[in-house]
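Student:
Residue numbers (the numbering used here): -2 to 155.
1. Could you check the C-alpha separation between residue 114 and residue 39 for me, to the nearest Å?
2. From this set, 1, 124, 96, 11, which residue's C-alpha is nearest residue 70's C-alpha?
3. In terms of residues, what are the limits of the beta strand (DSSP E) holding residue 112?
4. Quick one: complete beta strand (DSSP E) runs, 3+ long, within the segment 27 to 57?
5. Helix, strand or coil for residue 149 per DSSP?
6. Let me know the secondary structure DSSP gives residue 72 once reduced to three states.
7. Rounded C-beta distance between residue 130 and residue 8? I'm assuming under 8 Å.
8. Can you grab the Cα-Cα spacing for the pair residue 93 / residue 14, in whole Å?
9. How many angstroms separate the CA atom of residue 112 from the CA atom of residue 42?
10. Report buried or exposed for residue 16, applying the criterion of at least 16 other Cβ atoms within 10 angstroms of its Cβ.
11. Helix, strand or coil for residue 95? Go by DSSP, reduced to three states.
12. So, residue 85 versus residue 153, is the Cβ gap smaller than 8 Å?
See the structure below:
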């Protein structure tokens, strides 16, 4: 897993706690709900409201690009075929698939600010933490990583 130290310098880190096991997912959903544009590489469906949040934002016109591992895409397609079909028909929503992804990486744009978020998972795909940073160096690293996955991913059509 390629990780640049720029991501850590000045980062905000939210981790799972025994009394707040959903803190990382809640934090990420709060960040996502405020975006104008979102690009992400994801490896797990780890928040119960994730599909509804994405659907709501996409139908409101937020630009979204996702890179899914094949297994996760198949899970989403089988569990929420209605929502996925609706999303794939939107001009501002794009999904691509690759064989595997090692972690979740989100690029969240809100006005003039871009934030990179790295999602940390346990071996059984439970979200354990989120590292987020708005520094230019961290965002550039995130954009490079995203583009490397996007460039080898296959587009999905409706």
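The beta-carbon is built from N, C-alpha and C at its ideal position, and this holds for glycine as well.
Tutor: The answer reads as follows:
1. Numbered from 1 along the chain shown, position 117 holds the residue referred to as residue 114. Numbered from 1 along the chain shown, position 42 holds the residue referred to as residue 39. Spanning the two alpha carbons is a distance of roughly 11 Å.
2. As a working mapping, residue 70 is identified with position 73 in the chain shown. Relative to the Cα of residue 70, the nearest Cα in the group 1, 124, 96, 11 belongs to 96.
3. Here residue 112 refers to the residue found at position 115 when the chain shown is read from its first residue. That run of the beta strand (DSSP E) goes 110 to 118.
4. 34 to 38
5. Sequence index remark: in the chain shown, residue 149 carries index 152 (1-based). Helix at residue 149.
6. The sequence position of residue 72 within the chain shown is 75, counting from 1. Residue 72: helix per DSSP, three-state reduction.
7. As a working mapping, residue 130 is identified with position 133 in the chain shown. As a working mapping, residue 8 is identified with position 11 in the chain shown. Their Cβ separation, rounded to whole angstroms, is 4 Å, which keeps residue 130 and residue 8 in contact under 8 Å.
8. As a working note, residue 93 is residue 96 in the chain shown. As a working note, residue 14 is residue 17 in the chain shown. Using only the alpha carbons, I get a separation of about 33 Å.
9. Along the chain shown, read from residue 1 onward, the residue named residue 112 stands at position 115. Along the chain shown, read from residue 1 onward, the residue named residue 42 stands at position 45. Distance between the alpha carbons of residue 112 and residue 42 is about 21 Å.
10. Position 19 of the chain shown holds residue 16. Its Cβ having fewer than 16 others within 10 Å, residue 16 is exposed.
11. Numbered from 1 along the chain shown, position 98 holds the residue referred to as residue 95. If DSSP states are grouped into helix, strand and coil, residue 95 belongs with the strands.
12. Position 88 of the chain shown, counted from the first residue, corresponds to residue 85. Position 156 of the chain shown, counted from the first residue, corresponds to residue 153. Against a cut-off of 8 Å, the Cβ pair of residue 153 and residue 85 comes out as a contact.
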